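Read the structure below first, then the notes.
Numbering (the working numbering), first residue to last: 20 to 61.
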């Protein structure tokens, strides 16, 4: 029971960190694409 209860917060924290990493990577990816498109247009 202690292992299961102790594992749940870690999973939630892992998911939260994963979502943040995904958001940050997505933002960087979008910025890079934006720069490439902007340079291609101009």
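Cβ atoms here follow ideal geometry from the backbone N, Cα and C, with glycine treated the same way.
All values derive from a computational prediction rather than experimental measurement.
Check residue i in the structure and name its three-state DSSP category.
i          : result
residue 20 : Because the pLDDT of residue 20 is 46, which lies under 50, any placement of that residue in the model is unreliable, and the question is left without a value.
Can you give the Cα-Cα distance for residue i and residue j, rounded to whole angstroms?
i          : j          : result
residue 42 : residue 54 : 18 Å
residue 46 : residue 60 : 21 Å
residue 33 : residue 58 : 37 Å
residue 31 : residue 37 : 10 Å
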